[in-house]
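Participant: For the sequence shown, this note's numbering begins at 25 and goes up steadily by one. Glycine included, each C-beta is placed from N, C-alpha and C at the ideal position. Before we start, here is the structure in question, set down as structure tokens.
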Amino acid sequence: MKTLRFVHSRLPLFPRSCQRPAVACRLLPTSHRGQPPVLQSNRSLALSASSLKNWKDLGSSSHTEEEEEDGDLLEETEVEELFQQHVPAGIGQGQHRVFIVHPDVKWGSRKQYLTTAELMMAEAEGLVNTLDNWTVVDKIILSTKTPEKKKIFGKGNFQLLTGKIRGTPGVTAVFVNVDRLSSVSEREFEETWGVKVFDRYSVVLHIFRCNARTKEAKLQISLAEIPLLRSRLKNDMADLDQQGGGARYIGGSGETLYEVQQRLLKERETRIRSALEKLRRKRHLLRSQRKHREFPTVSVLGYTNCGKTTLIKALTGDSGLQPRNQLFATLDVTVHAGQLPSHMTVLYVDTIGFLSQLPHQLIDSFSATLEDIIHSDLLVHVRDVSHPETVNQKANVLNVLRNLQIPHRLLDSMIEVHNKIDLLGSYESSEPCAVLISALQQRGLDELKRAVEQEVVKSTGKQILDLRVNLSSPQLSWLYKEATVQDVQVNAEEGSAVVKVIISAAAHGRYKKLFESR
Numbered sequence: 025m026k027t028l029r030f031v032h033s034r035l036p037l038f039p040r041s042c043q044r045p046a047v048a049c050r051l052l053p054t055s056h057r058g059q060p061p062v063l064q065s066n067r068s069l070a071l072s073a074s075s076l077k078n079w080k081d082l083g084s085s086s087h088t089e090e091e092e093e094d095g096d097l098l099e100e101t102e103v104e105e106l107f108q109q110h111v112p113a114g115i116g117q118g119q120h121r122v123f124i125v126h127p128d129v130k131w132g133s134r135k136q137y138l139t140t141a142e143l144m145m146a147e148a149e150g151l152v153n154t155l156d157n158w159t160v161v162d163k164i165i166l167s168t169k170t171p172e173k174k175k176i177f178g179k180g181n182f183q184l185l186t187g188k189i190r191g192t193p194g195v196t197a198v199f200v201n202v203d204r205l206s207s208v209s210e211r212e213f214e215e216t217w218g219v220k221v222f223d224r225y226s227v228v229l230h231i232f233r234c235n236a237r238t239k240e241a242k243l244q245i246s247l248a249e250i251p252l253l254r255s256r257l258k259n260d261m262a263d264l265d266q267q268g269g270g271a272r273y274i275g276g277s278g279e280t281l282y283e284v285q286q287r288l289l290k291e292r293e294t295r296i297r298s299a300l301e302k303l304r305r306k307r308h309l310l311r312s313q314r315k316h317r318e319f320p321t322v323s324v325l326g327y328t329n330c331g332k333t334t335l336i337k338a339l340t341g342d343s344g345l346q347p348r349n350q351l352f353a354t355l356d357v358t359v360h361a362g363q364l365p366s367h368m369t370v371l372y373v374d375t376i377g378f379l380s381q382l383p384h385q386l387i388d389s390f391s392a393t394l395e396d397i398i399h400s401d402l403l404v405h406v407r408d409v410s411h412p413e414t415v416n417q418k419a420n421v422l423n424v425l426r427n428l429q430i431p432h433r434l435l436d437s438m439i440e441v442h443n444k445i446d447l448l449g450s451y452e453s454s455e456p457c458a459v460l461i462s463a464l465q466q467r468g469l470d471e472l473k474r475a476v477e478q479e480v481v482k483s484t485g486k487q488i489l490d491l492r493v494n495l496s497s498p499q500l501s502w503l504y505k506e507a508t509v510q511d512v513q514v515n516a517e518e519g520s521a522v523v524k525v526i527i528s529a530a531a532h533g534r535y536k537k538l539f540e541s542r
């Protein structure tokens, strides 16, 4: 009985009907009543160039695509139970006064060449300050030649660090600014320092957890937390082994406590992956519907807090978008309609922000969301050129895109946008193809729209044609519905007009079959 009490107090995986771990962050409601949904698949999406208002009736707000037709998916209560049931220990419990440790790697494969230790420390502070009730009480940059070792630092620096942490009053957690700590390192640090220890993986996941709104985001975060739960399981079972309980069989099942915990984790992971696969298939269906209706899709991506959402709001005039000046404010893919100079309607996709030094498991967990990037017609890479690490941020974004195996055609045609030029006074780019803008002040947007239009026409294979129509026939109204009408030159005497249109090859084929074969 003593052993089981210990398990319930330390391990989060046994189902407990009466209790759920408390979460310190504020979870926003998942209901968005009063806002129009995006891309409802049970309504017609046919648009003409002159009917953008109809698109807004269909929705270009902050609703995500997975909120429609959820009959075959997990219920909201089931997702919430998965999301809240097994919060990794220490992450979401109350306030934290954080001591930040940045290991400055002097050489080898883990050395960062495009940034400095000071800038990386500043980003780590930004991550902590993003969280409510988390404050930085002290910080230190320590050099290391052995980042792969259990204690990361050499003996002298580790003793120095331990003394400094123990001598700082009120410390409740240490944030070691590395992508991922091994379970052995985490256990060693917590035993030595006597407080919770976090790495970038766990801190970023907690930020994600605080910003999660939709089922898909919550499921993806729950999946990303599995490695953390496995790591904590190893440490807790090691504690239990010291008391002689870890290897005991329970309930006559022939399983040890560790084996039961591993099995429950595996069952949880299988359930989450199954639900995400259903959402993935649904996303594929919605993308197919957009393609069928020939809406060009433009994915707007970049480092976290670079201004993507502000830019999309400026391009579309979507009042439902509420940009926030914080890291990872956007966790879900949202789709918003806007018009280009030719009156062509395009769909701007707002994506999750990128960050340096994130383990591949975290990116893999959000693959269903990032998949939308691969299926775009065009990518727009937004950079915050006012940030001191803008070059390093660009390198990290490009590295993630390569790891996602983005098609070369998308990488080659990608438009690079230099945002926040209003913060720099006079700014001249060393990259001649970049588009300079201030999304907040709506400067440079016309040039950006022209660049987007040019690339969209090329990538989608659309044609710019002059078509002669008979005004007594439905040709003109058909073109307004199925193509982008740029200009109409009417010859009243002949009862005809020359219409300049941007039209896809498929739509042009339908047009010829309907009207030119008569």
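By Cβ distance, which residues of its chain are closer than 7 Å to Thr484, with the 5 residues on each side in sequence left out?
Facilitator: If you number the sequence shown from 1, residue 484 lands on position 460. Excluding residues within five positions, the ones whose Cβ falls inside 7 Å are Pro320, Asp401, Ser528.
Participant: According to DSSP, is Lys175 part of a helix, a strand, or is it coil?
Facilitator: On the sequence shown, residue 175 is found 151 positions in, with the first residue counted as 1. Coil, per DSSP.
Participant: What's the gap between the Cα of Cys234 and the Cα of Ser380?
Facilitator: Residue mapping note: residue 234 aligns to position 210 of the sequence shown, counting from 1. Residue mapping note: residue 380 aligns to position 356 of the sequence shown, counting from 1. Answer to the nearest angstrom: the Cα atoms are 20 Å apart.
Participant: For Asp490, does the count of other Cβ atoms within 10 angstroms reach 16, so buried, or fall short, so exposed?
Facilitator: As a working mapping, residue 490 is identified with position 466 in the sequence shown. Counting Cβ neighbours within 10 Å, Asp490 comes out exposed, since fewer than 16 surround it.
Participant: If you drop the 5 nearest sequence neighbours on each side, which residues of the same chain put their C-beta closer than 6 Å to that of Phe539?
Facilitator: Against the sequence shown, residue 539 aligns to sequence position 515. Gln499.
Participant: So Leu335 and Ala463 are in contact, right, with Cβ under 8 Å, and what is the actual spacing, rounded?
Facilitator: What you label residue 335 is simply residue 311 of the sequence shown in a count that begins at 1. What you label residue 463 is simply residue 439 of the sequence shown in a count that begins at 1. About 4 Å; that satisfies the 8 Å criterion.
Participant: Between the beta-carbon of Thr364 and the beta-carbon of Glu479, is there less than 8 Å?
Facilitator: Position 340 of the sequence shown, counted from the start, is the residue given in the question as residue 364. Position 455 of the sequence shown, counted from the start, is the residue given in the question as residue 479. Reading the sequence as shown, one finds Leu at residue 364 and not Thr. Result no, Cβ atoms of Leu364 and Glu479 do not sit closer than 8 Å.
Participant: Please specify which runs of the alpha helix (DSSP H), each continuous and at least 4 residues long, are wholly inside the region 398-486, giving them in chain order.
Facilitator: 414-427, 432-437, 469-484
Participant: Between the alpha carbons of Ala248 and Val459, how many angstroms are there, rounded?
Facilitator: As a first step, residue 248 must be located in the sequence shown, where it is residue number 224. As a first step, residue 459 must be located in the sequence shown, where it is residue number 435. Answer to the nearest angstrom: the Cα atoms are 35 Å apart.
Participant: In the DSSP output, what is Lys169 paired with across the bridge?
Facilitator: As a first step, residue 169 must be located in the sequence shown, where it is residue number 145. None; Lys169 has no bridge partner.
Participant: Taking DSSP as the reference, what is the three-state secondary structure of Phe319?
Facilitator: Taking the first residue of the sequence shown as position 1, residue 319 is located at position 295. Note: Phe319 maps to coil in three-state DSSP.
Participant: Tell me, please, which residues DSSP counts as bridged to Tyr327.
Facilitator: Here residue 327 refers to the residue found at position 303 when the sequence shown is read from its first residue. For Tyr327, which the question treats as bridged, DSSP gives the partners Phe378.
Participant: Can you check DSSP and say which residues form a bridge with Lys524?
Facilitator: As a first step, residue 524 must be located in the sequence shown, where it is residue number 500. Looking at the DSSP assignment, Lys524 forms a beta bridge with Asp490, Asp511.
Participant: Check whether the Cβ atoms of Ser410 and Leu448 sit closer than 8 Å, and answer yes or no.
Facilitator: Locating residue 410 in the sequence shown gives position 386, where the first residue counts as 1. Locating residue 448 in the sequence shown gives position 424, where the first residue counts as 1. In contact: Ser410 and Leu448 (Cβ atoms closer than 8 Å).
Participant: Along the chain, where does the beta strand (DSSP E) containing Ala361 start, and where does it finish?
Facilitator: The count along the sequence shown starts at 1 and reaches residue 361 at position 337. Unbroken beta strand (DSSP E) run through Ala361: 358-363.
Participant: Roughly how far, in whole angstroms, is the beta-carbon of Leu300 from the beta-carbon of Ile397, given that I think they are within contact range, below 8 Å?
Facilitator: The residue labelled residue 300 in the question sits at position 276 within the sequence shown. The residue labelled residue 397 in the question sits at position 373 within the sequence shown. Going by Cβ atoms, the distance from Leu300 to Ile397 rounds to 17 Å, so no, they are not a contact pair.
Participant: Rounded to whole angstroms, what is the Cα-Cα separation between Thr369 and Gly362?
Facilitator: On the sequence shown, position 345 is the one that residue 369 refers to. On the sequence shown, position 338 is the one that residue 362 refers to. Their backbone Cα atoms lie some 6 Å apart in a straight line.
Participant: Judging by CA-CA distance, which residue of Gln465, Thr340, Glu147 is the nearest neighbour of His367?
Facilitator: Within the sequence shown, the letter at position 343 stands for residue 367. It is Thr340.
Participant: How about Glu440 and His405: are their beta carbons less than 8 Å apart?
Facilitator: Position 416 of the sequence shown, counted from the start, is the residue given in the question as residue 440. Position 381 of the sequence shown, counted from the start, is the residue given in the question as residue 405. Yes; because the gap between Cβ atoms is below 8 Å, this pair is in contact.
Participant: With 16 as the cutoff for other CB atoms within 10 Å, does Gly533 come out buried or exposed?
Facilitator: The residue labelled residue 533 in the question sits at position 509 within the sequence shown. By the 10 Å Cβ count, Gly533 comes out exposed.
Participant: Can you find at least 3 beta carbon pairs, one from the region 188-202 and one from the region 155-164, that sit closer than 8 Å?
Facilitator: yes
Participant: Determine the extent of the beta strand (DSSP E) in which Ala197 is found, giving its start and end residues.
Facilitator: Walking along the sequence shown from the start, residue 197 turns up at place 173. Per DSSP, Ala197 belongs to the beta strand (DSSP E) from 197-200.
Participant: Does the count of Cβ pairs from the region 205-214 and the region 127-137 closer than 8 Å reach three?
Facilitator: No, the region 205-214 is not in contact with the region 127-137.
Participant: Out of Gly519, His126, Lys537, point me to the one whose CA is closest to Glu149's CA.
Facilitator: The residue given as residue 149 occupies position 125 in the sequence shown. It is His126 whose Cα lies nearest to the Cα of Glu149.
Participant: Measure how close the beta-carbons of Ile189 and Trp217 come, nearest whole angstrom, since I'm counting them as under 8 Å.
Facilitator: Here residue 189 refers to the residue found at position 165 of the sequence shown. Here residue 217 refers to the residue found at position 193 of the sequence shown. The pair is a contact, with the Cβ atoms about 5 Å apart (cut-off 8 Å).
Participant: Taking the runs of the alpha helix (DSSP H) that are 4 residues or longer, which of them lie wholly in the region 131-167?
Facilitator: 141-154
Participant: Starting from the C-beta of Asp94, find all residues in its chain whose C-beta is less than 7 Å away, skip the five residues before and the five after it, and write them out in chain order.
Facilitator: The residue labelled residue 94 in the question sits at position 70 within the sequence shown. Residue confidence is low: Asp94 scores 45 on pLDDT, short of 50, so the model does not pin down where it sits. Its coordinate-derived value is still stated next. Answer for Asp94: no residue qualifies.
Participant: CB Val522 to CB Arg492, shorter than 8 Å?
Facilitator: Here residue 522 refers to the residue found at position 498 when the sequence shown is read from its first residue. Here residue 492 refers to the residue found at position 468 when the sequence shown is read from its first residue. For Val522 and Arg492, yes; Cβs fall inside 8 Å.
Participant: Give the DSSP-derived three-state secondary structure of Arg121 in the structure shown.
Facilitator: Sequence index remark: in the sequence shown, residue 121 carries index 97 (1-based). Strand at Arg121.
Participant: So what's Asp223 in DSSP terms, helix, strand or just coil?
Facilitator: Position 199 of the sequence shown, counting from 1, holds the residue named residue 223. The answer is coil: DSSP assigns Asp223 none of H, G, I, E or B.
Participant: Tell me whether Thr101 is buried or exposed, calling it buried when 16 or more other Cβ atoms sit within 10 Å of its Cβ.
Facilitator: What you label residue 101 is simply residue 77 of the sequence shown in a count that begins at 1. Exposed.
Participant: At which residues does the alpha helix (DSSP H) containing His532 begin and terminate?
Facilitator: Reading the sequence shown from its first residue, position 508 is the one you call residue 532. Residues 529-535.
Participant: Here's the rule I'm using: 16 or more other beta-carbon atoms within 10 Å means buried, otherwise exposed. How should Cys330 be labelled?
Facilitator: Reading the sequence shown from its first residue, position 306 is the one you call residue 330. Classification for Cys330: buried.
Participant: Which residue wins for smallest C-alpha separation from Asp374, given the options Leu386, Glu395, Ile387?
Facilitator: For this step, residue 374 is matched to residue 350 along the sequence shown. It is Glu395 whose Cα lies nearest to the Cα of Asp374.
Participant: The alpha helix (DSSP H) that contains Thr340, what's its start and end?
Facilitator: For this step, residue 340 is matched to residue 316 along the sequence shown. Bounds of the alpha helix (DSSP H) holding Thr340 are 332-340.
Participant: Name the residue from Lys444, Leu425, Leu435 whose alpha carbon lies nearest to the alpha carbon of Pro412.
Facilitator: Reading the sequence shown from its first residue, position 388 is the one you call residue 412. The option with the nearest alpha carbon to Pro412 is Lys444.
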